[in-house]
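Asker:
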Amino acid sequence: MNNHADMEHAMKTPARLALLLSAVSIASAVTPVFSQDKLRMGLSSVSGLHSAVWVAEQKGLFRKHGIDAEVIVTGQGGTAGISALLANDIQIVASAGDVLVAAALRGGDTVMVAGVVNKGLQRLVTKPEIKTPAELKGKRVGVTRIGAVSHSVLLMMLQRWKMSVNDVQVLQLGSSPNMLASLDKGGVEGAVLTIPSMFVAEDRGYRVLLDMADTDIYYLHTMIATTRPYIRSHRDKVSRFLRGYVEGIAFVKQNKKESLDIVKKKLRIGPEQERNLERSLDLLIHKYYENVPYPSLRGVETVLGFVEKDNPKAKTADPRAFVDESLLREIDQSGLVKKLYER
């Protein structure tokens, strides 16, 4: 008998075919469909603000586009993240827009490619008896510190009301919880609060005199940035990261409960904090997260106006020099975003 013929016959038997198919299945299971490019992203804080990032990471939306994203927390108000970005220790950073603009004005080749929150995430909360901006004149208003975001936001609010900083007494109180405590004790009549303290203040009966989300004031609260050299050498990689991020935004908007569970675990939120986390997520979904999160040029103009007193270069700077919208524009024109919201 021909041994070769016998072998061919044996391979045709159902048992051998099943074994062969099983081996192929196992090989397919351990071999990824797409090769994964590693990329490190730095966040300035552990915050619900970054829900779309946490969700994209946990749901495999970055990996879907061939990106093995490692998300780390750099801390130190964003300055450590910028330093890590410029040293290429991380390739993407989420940071306050004013920090990114200041870094670029100093010669750092940073560029904003997407907006997380293009407006201020603050509310001016006052004693219930203060019902109009005019009634705020002469009153004490708390901010974290002079020159900080809360102070800048207060100045923008006063400007909107055609008032000046001299119309109120500005007190530096260090943090939102400190401002809330001062409101309770009568140390201030108003305070510029952010999440979750502003929710706590509302629950205690304080009045929201102005919510930045309801204004046409754009201020780069939190942006996503990289460097121009990195885009030049890894444009496709950055584009695929942004595709995953855009899908993360869509998932959060369309699957609030599951997104809340993911973020709750990531932030290690206890039962007593769940309500405020849900309110934060609702705020992001309905007032801040944009389907195509372009960085705001109006926001850059606002930031330049505030930093020009410390850096004369800001007076003549072109806002377009600080952003690169082309990556998101290509993603938008590809039809991806339209498909995400047709579901």
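Counting in the working numbering, the sequence shown runs from 899 upward without gaps.
C-beta: ideal position from N, C-alpha, C; glycine also.
(1) Buried or exposed: which applies to V944, given that a residue is buried once 16 or more other Cβ atoms fall within 10 Å of its Cβ?
(2) Just to confirm the assignment, what range does the alpha helix (DSSP H) spanning Q956 have?
(3) Alpha carbon to alpha carbon, how far is A1212 from V1205? Give it in angstroms, no decimals.
(4) With distances taken between CB atoms, is the gap from E1330 to P1217 smaller than 8 Å?
(5) Which same chain residues end up closer than 6 Å to K1164 when comparing Cβ atoms and leaving out the 5 residues on each side of it in sequence?
(6) Starting from D935 and walking both ways along the beta strand (DSSP E), at which residues does that stretch end?
(7) What number of angstroms, rounded off, separates the C-alpha of E1223 from the C-alpha of K1083?
(8) Work out the CA separation of I1229 and R1141 for me, nearest whole Å.
(9) Please look up how many angstroms separate the CB atoms of V1066 and G1018, rounded, as I've assumed it's under 8 Å.
(10) Tell me whether A1002 is buried or exposed, calling it buried when 16 or more other Cβ atoms sit within 10 Å of its Cβ.
(11) Going by DSSP, which residues form a beta bridge with G1040?
(12) Would L1091 and A994 qualify as a contact pair, given that the criterion is a beta-carbon distance under 8 Å?
(13) Could you tell me how far apart the beta carbons of I970 and D935 are, in whole angstroms, since I believe they sit closer than 8 Å?
(14) In the DSSP output, which residue or residues are listed as bridge partners for L1022?
(15) Quick one: what does DSSP say D1159 is sitting in, helix, strand or coil?
(16) Can you tell me which of the three DSSP states V1198 falls into?
(17) If contacts are defined as beta-carbon pairs under 8 Å, then M939 and A967 qualify, I think. What distance do you get, rounded to the angstrom?
(18) For I1044, count the other beta carbons within 10 Å of its own beta carbon; 16 or more makes it buried, fewer makes it exposed. Which is it?
(19) Quick check: what's the CA-CA separation for V931 versus M1055?
(20) Taking only the alpha-carbon atoms, compute the straight-line gap between S920 and D1159 and give it to the nearest angstrom.
(21) Give every residue of the same chain whose Cβ lies closer than 8 Å to the Cβ of T1124, excluding the five residues on either side of it in the sequence, and list them in chain order.
(22) With a cut-off of 8 Å on the beta carbons, I'd call G946 and S1178 a contact; round off their distance for me.
Answerer: So, from the listed chains and residues:
(1) exposed
(2) Taken as a continuous stretch (DSSP letters only), the alpha helix (DSSP H) holding Q956 covers 949-956.
(3) Here the alpha carbon of V1205 sits roughly 7 Å from the alpha carbon of A1212.
(4) In the structure as shown, the chain begins at 899 and stops at 1241. Residue 1330 is therefore absent and cannot be evaluated.
(5) Beyond the five residues adjoining it in sequence on each side, K1164 comes within less than 6 Å, by CB distance, of W952 in the same chain, given in chain order.
(6) 935-941
(7) Using only the alpha carbons, I get a separation of about 47 Å.
(8) 7 Å
(9) The Cβ separation is near 17 Å, so there is no contact.
(10) buried
(11) L1069, A1089
(12) no
(13) Actually they are not in contact, since the Cβ atoms of I970 and D935 sit about 17 Å apart, beyond 8 Å.
(14) V1090, L1108
(15) helix
(16) The answer is helix: DSSP assigns V1198 an H, G or I state.
(17) 6 Å
(18) exposed
(19) Per-residue confidence for V931 stands at a pLDDT of 47, beneath the threshold of 50, marking its modelled position as unreliable; no derived number is given.
(20) For S920, the predicted structure reports a pLDDT of 38, less than 50, and the residue's modelled location is therefore unreliable. A value from the coordinates is still provided. Answer to the nearest angstrom: the Cα atoms are 36 Å apart.
(21) L983, Q989, I990, V991, T1008, V1009, V1011, V1136
(22) 4 Å
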